[in-house]
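Going by the UniProt record's numbering, the sequence shown wraps up at 681, each residue one higher than the last.
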Amino acid sequence: MESSPSEETGPTFGHSKLGPLDNNLVLNWTKGAAPAVGERILMHGRVLDEMGRPVRNTLIEIWQANAGGRYRHKKDTYFAPLDPNFGGCGRTVTDENGYYEFLTVRPGAYPWPNGGNDWRPMHIHISIYGNSFGQRLITQMYFEGDPLINHCPIAATIKDRSQLDRLVAPLDFSKSRPLDFLAYKFKLDILIETPSQTAGPYVHIGLMPTYAGNAGYYDEEIGTTPIQGDVKGDIIEIVGSVYDGTGWAMRDALIESWQCDAGGIFPGTEGADPAFTGHCRFAADADSGEFTLRTVKPGRYKGRGGVESAPHISLWVVSRGINIGLNTRLYLEDEDNSKDPLLNRIEQRHRVETLVAKKTGEGKYRFDIRLQGEGVGLFDADTAETAAEAIETAEIDLDDIARGMSQDGVPVPRLVDQLKAVAPDNVVHKGATSQDVMDTALALTLREASDLLSQRLVALYRSFEDVEKRFGDEPLMGRTRMQAATKIKVRDRVQTWRLPLNDHLARLSELRPRVEKVQIGGASGDRKALGQKADRVVAEIAAALRLAPTDKAWHATRDGVAEYAGYLSLVSGTLGKFGQDVALMTQQGIEEITLSGGGGSSAMPHKKNPVGAELLVTLAQFNAVQVSAMHHSVVHEQERSGKAWTLEWMVLPQMLMATARAIAVAHTICESIDHIGSVQS
Numbered sequence: 001m002e003s004s005p006s007e008e009t010g011p012t013f014g015h016s017k018l019g020p021l022d023n024n025l026v027l028n029w030t031k032g033a034a035p036a037v038g039e040r041i042l043m044h045g046r047v048l049d050e051m052g053r054p055v056r057n058t059l060i061e062i063w064q065a066n067a068g069g070r071y072r073h074k075k076d077t078y079f080a081p082l083d084p085n086f087g088g089c090g091r092t093v094t095d096e097n098g099y100y101e102f103l104t105v106r107p108g109a110y111p112w113p114n115g116g117n118d119w120r121p122m123h124i125h126i127s128i129y130g131n132s133f134g135q136r137l138i139t140q141m142y143f144e145g146d147p148l149i150n151h152c153p154i155a156a157t158i159k160d161r162s163q164l165d166r167l168v169a170p171l172d173f174s175k176s177r178p179l180d181f182l183a184y185k186f187k188l189d190i191l192i193e194t195p196s197q198t199a200g201p202y203v204h205i206g207l208m209p210t211y212a213g214n215a216g217y218y219d220e221e222i223g224t225t226p227i228q229g230d231v232k233g234d235i236i237e238i239v240g241s242v243y244d245g246t247g248w249a250m251r252d253a254l255i256e257s258w259q260c261d262a263g264g265i266f267p268g269t270e271g272a273d274p275a276f277t278g279h280c281r282f283a284a285d286a287d288s289g290e291f292t293l294r295t296v297k298p299g300r301y302k303g304r305g306g307v308e309s310a311p312h313i314s315l316w317v318v319s320r321g322i323n324i325g326l327n328t329r330l331y332l333e334d335e336d337n338s339k340d341p342l343l344n345r346i347e348q349r350h351r352v353e354t355l356v357a358k359k360t361g362e363g364k365y366r367f368d369i370r371l372q373g374e375g376v377g378l379f380d381a382d383t384a385e386t387a388a389e390a391i392e393t394a395e396i397d398l399d400d401i402a403r404g405m406s407q408d409g410v411p412v413p414r415l416v417d418q419l420k421a422v423a424p425d426n427v428v429h430k431g432a433t434s435q436d437v438m439d440t441a442l443a444l445t446l447r448e449a450s451d452l453l454s455q456r457l458v459a460l461y462r463s464f465e466d467v468e469k470r471f472g473d474e475p476l477m478g479r480t481r482m483q484a485a486t487k488i489k490v491r492d493r494v495q496t497w498r499l500p501l502n503d504h505l506a507r508l509s510e511l512r513p514r515v516e517k518v519q520i521g522g523a524s525g526d527r528k529a530l531g532q533k534a535d536r537v538v539a540e541i542a543a544a545l546r547l548a549p550t551d552k553a554w555h556a557t558r559d560g561v562a563e564y565a566g567y568l569s570l571v572s573g574t575l576g577k578f579g580q581d582v583a584l585m586t587q588q589g590i591e592e593i594t595l596s597g598g599g600g601s602s603a604m605p606h607k608k609n610p611v612g613a614e615l616l617v618t619l620a621q622f623n624a625v626q627v628s629a630m631h632h633s634v635v636h637e638q639e640r641s642g643k644a645w646t647l648e649w650m651v652l653p654q655m656l657m658a659t660a661r662a663i664a665v666a667h668t669i670c671e672s673i674d675h676i677g678s679v680q681s
């Protein structure tokens with residue numbers, strides 16, 4: 001099936017239904033009876049158009065998690081408790097000068113549910129829409145100084161750091177109120193500067209609280225039908241589903257509709273039906289994925305220049321993973337649509353049918369919305385599903401792949417041959433090359449490795465804290481250039497081991513987006529085989545794998561991988577310094593540290609060799625040498641290098657293993673420390 005064409009928006013957006021507490025999330029859930037739990041903050045800013053002019057009378061709707069990171073949504077199963085006094089949504093309209101503000105609580109972070117150890121940072125979802133808009137903006141506000149922004153898969157979809165920074169609200173002490181709340185200023189530059197971000201799976205909290213399980217949240221919520229009484233005209237019912245590119249019904253889709261009444265007059269216009277609002281919001285059923293719209297059959301109306309449009313309903317669709325939403329139209333099969341100006345502008349005539357609701361009975365219609373169809377994806381849904389099933393059940397011959405390695409130098413060609421034998425023709429490996437597979441696998445491997453390194457660094461940091469707590473006040477001789485200097489405390493030395501780990505954790509967070517990125521380039525790295533769909537294909541594969549998309553293939557630009565190697569050497573170097581210190585402190589005659597265990601000597605049984613400490617020094621020196629090889633591997637000739645790429649394979653895995661082992665050994669040494677602190681006079 002073809003995808004539904006996008007269409008212009010309409011004039012109705014629900015701005016007239018605001019209550020006095022709608023922009024006060026601290027009090028609006030309980031109607032002022034009790035405040036929400038958490039740190040109170042004022043979110044404020046200004047909406048400007050592309051010329052820098054203030055935009056007035058613009059509807060801003062927000063939704064967020066509570067202070068513990070839990071959404072008040074019937075589908076949110078995060079184990080953080082719900083706040084009985086917090087609903088998590090609010091709305092307001094900009095004033096004459098474009099200013100807005102919300103009083104709320106700082107939202108908590110929560111784990112990314114798609115696996116790994118990724119976390120969503122503190123954030124607030126925002127929808128902005130009004131008469132000045134040709135397109136609604138869905139975005140998010142992050143908080144200045146939040147370290148989790150660099151761990152966020154959603155934030156990582158914005159490749160330009162300067163654009164991501166526009167979503168980070170700075171602390172604004174000028175608007176903060178002593179002993180009450182902090183303020184954050186978030187400027188919204190429409191369509192030009194403010195990037196979009198996904199609406200998320202809980203968009204209904206902000207835009208349809210009743211559906212989310214929060215009935216009665218607003219004094220006057222935008223209803224699920226525009227019929228508000230005894231309306232004029234024929235009442236109709238439209239049923240359908242919203243489908244993604246694979247043909248799956250999107251069960252968290254939310255749809256907004258606006259239309260004229262049976263007489264062809266929009267609400268708010270002279271002669272309009274007072275019992276008909278013309279505007280409503282409705283959602284796909286969380287189990288079946290179907291939506292139902294009960295409305296009035298619209299009449300024909302005359303637009304600009306007196307041009308008459310066929311009866312239609314304008315729709316806006318949003319769902320998890322959609323940043324902006326789809327604006328489209330719904331026409332009716334039993335009406336004459338032949339002279340409609342919009343339908344006649346669609347050059348691909350077969351796509352017109354995707355905008356027409358099919359009549360299924362008296363006053364009943366079926367209308368399915370497809371966010372992606374054959375004209376957008378590389379394959380139709382049936383072919384893609386058949387290929388996926390074949391690949392999932394394929395029996396891979398590893399011996400054949402091993403034999404192919406000696407001939408091809410990479411395992412991919414033999415693997416592709418085996419998959420092509422079971423999948424439909426011209427589906428497997430389309431537009432890709434072996435390096436795309438290998439580098440994407442590398443990115444996925446580095447993601448898992450980084451998770452492991454982070455966990456071990458945190459555990460080691462805590463072990464050092466424990467050592468400092470146990471022995472920190474003990475005296476120790478400070479030594480400079482291997483000579484006794486002045487007396488210090490044990491904590492002074494332990495802190496030189498512990499504190500750099502904080503920096504390494506921060507470095508890793510900042511570095512990960514530069515290596516955890518998808519590789520799709522094709523034969524020569526130009527993505528030519530994917531044609532005009534290249535950027536969309538890259539973005540969708542990146543999203544599916546939770547990797548960052550790239551503007552261009554990085555076949556021959558290996559600076560990110562080399563930077564990662566340098567990072568590994570820094571970590572092992574810090575631990576090598578720890579090992580060197582421990583080895584020196586165990587020397588007979590100095591004996592400033594006592595370790596349980598230790599290595600023995602076959603010739604000198606009185607010795608207890610600091611084997612673990614020596615290993616840390618060895619691993620640090622090993623990695624330091626390998627960094628040079630990794631920097632050599634950066635030099636790729638032209639569009640791809642076989643020899644430089646192979647050198648990278650030989651070196652990087654060894655460095656990763658050395659670093660992971662070093663952290664584990666350092667942790668073991670910490671756990672074996674019985675005492676630190678004998679001072680040499």
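Positions of the beta carbon are idealized from the N, C-alpha and C atoms, including for glycine.
Three-state class that DSSP yields for residue i in the structure shown
{"i": "residue 18", "result": "coil"}
{"i": "residue 674", "result": "strand"}
{"i": "residue 31", "result": "coil"}
{"i": "residue 650", "result": "helix"}
{"i": "residue 366", "result": "strand"}
{"i": "residue 119", "result": "strand"}
{"i": "residue 166", "result": "coil"}
{"i": "residue 176", "result": "coil"}
{"i": "residue 578", "result": "helix"}
{"i": "residue 505", "result": "helix"}
{"i": "residue 445", "result": "helix"}
{"i": "residue 161", "result": "helix"}
{"i": "residue 547", "result": "coil"}
{"i": "residue 356", "result": "strand"}
Counted within 10 angstroms of its Cβ, other Cβ atoms place residue i as buried (16 or more) or exposed
{"i": "residue 269", "result": "exposed"}
{"i": "residue 485", "result": "exposed"}
{"i": "residue 238", "result": "buried"}
{"i": "residue 657", "result": "exposed"}
{"i": "residue 681", "result": "Reliability fails at residue 681, whose pLDDT of 44 lies under 50, so the model's placement of it is uncertain and the value that follows must be treated cautiously. Classification of residue 681: exposed, given that the 10 Å Cβ count is below 16."}
{"i": "residue 34", "result": "exposed"}
{"i": "residue 77", "result": "exposed"}
{"i": "residue 316", "result": "buried"}
{"i": "residue 492", "result": "exposed"}
{"i": "residue 156", "result": "buried"}
{"i": "residue 676", "result": "buried"}
{"i": "residue 375", "result": "Because the pLDDT at residue 375 is just 39, under 50, the model does not fix this residue reliably, and the value given afterwards should be weighed accordingly. That one is exposed."}
Pairwise C-alpha distance: residue j and residue i
{"i": "residue 335", "j": "residue 17", "result": "33 Å"}
{"i": "residue 497", "j": "residue 179", "result": "39 Å"}
{"i": "residue 574", "j": "residue 592", "result": "20 Å"}
{"i": "residue 545", "j": "residue 397", "result": "25 Å"}
{"i": "residue 42", "j": "residue 471", "result": "45 Å"}
{"i": "residue 418", "j": "residue 85", "result": "58 Å"}
{"i": "residue 49", "j": "residue 333", "result": "39 Å"}
{"i": "residue 583", "j": "residue 463", "result": "18 Å"}
{"i": "residue 531", "j": "residue 523", "result": "13 Å"}
{"i": "residue 242", "j": "residue 258", "result": "18 Å"}
{"i": "residue 141", "j": "residue 357", "result": "38 Å"}
{"i": "residue 175", "j": "residue 184", "result": "8 Å"}
{"i": "residue 660", "j": "residue 581", "result": "20 Å"}
Those residues which DSSP pairs with residue i across a bridge
{"i": "residue 301", "result": "309"}
{"i": "residue 24", "result": "103"}
{"i": "residue 489", "result": "475"}
{"i": "residue 129", "result": "59"}
{"i": "residue 315", "result": "257, 328"}
{"i": "residue 97", "result": "In DSSP, residue 97 forms no bridge with anything."}
{"i": "residue 227", "result": "276"}
is_contact[residue i, chain D] using C-beta, thresh 7 Å
{"i": "residue 590", "result": "Among the protein chains of the structure shown there is no chain D, as only one such chain exists."}
Cβ-Cβ separation, residue j to residue i (assumed contact under 8 Å), whole Å
{"i": "residue 387", "j": "residue 427", "result": "5 Å"}
{"i": "residue 145", "j": "residue 109", "result": "About 13 Å; that fails the 8 Å criterion."}
{"i": "residue 227", "j": "residue 294", "result": "6 Å"}
{"i": "residue 62", "j": "residue 90", "result": "5 Å"}
{"i": "residue 527", "j": "residue 553", "result": "7 Å"}
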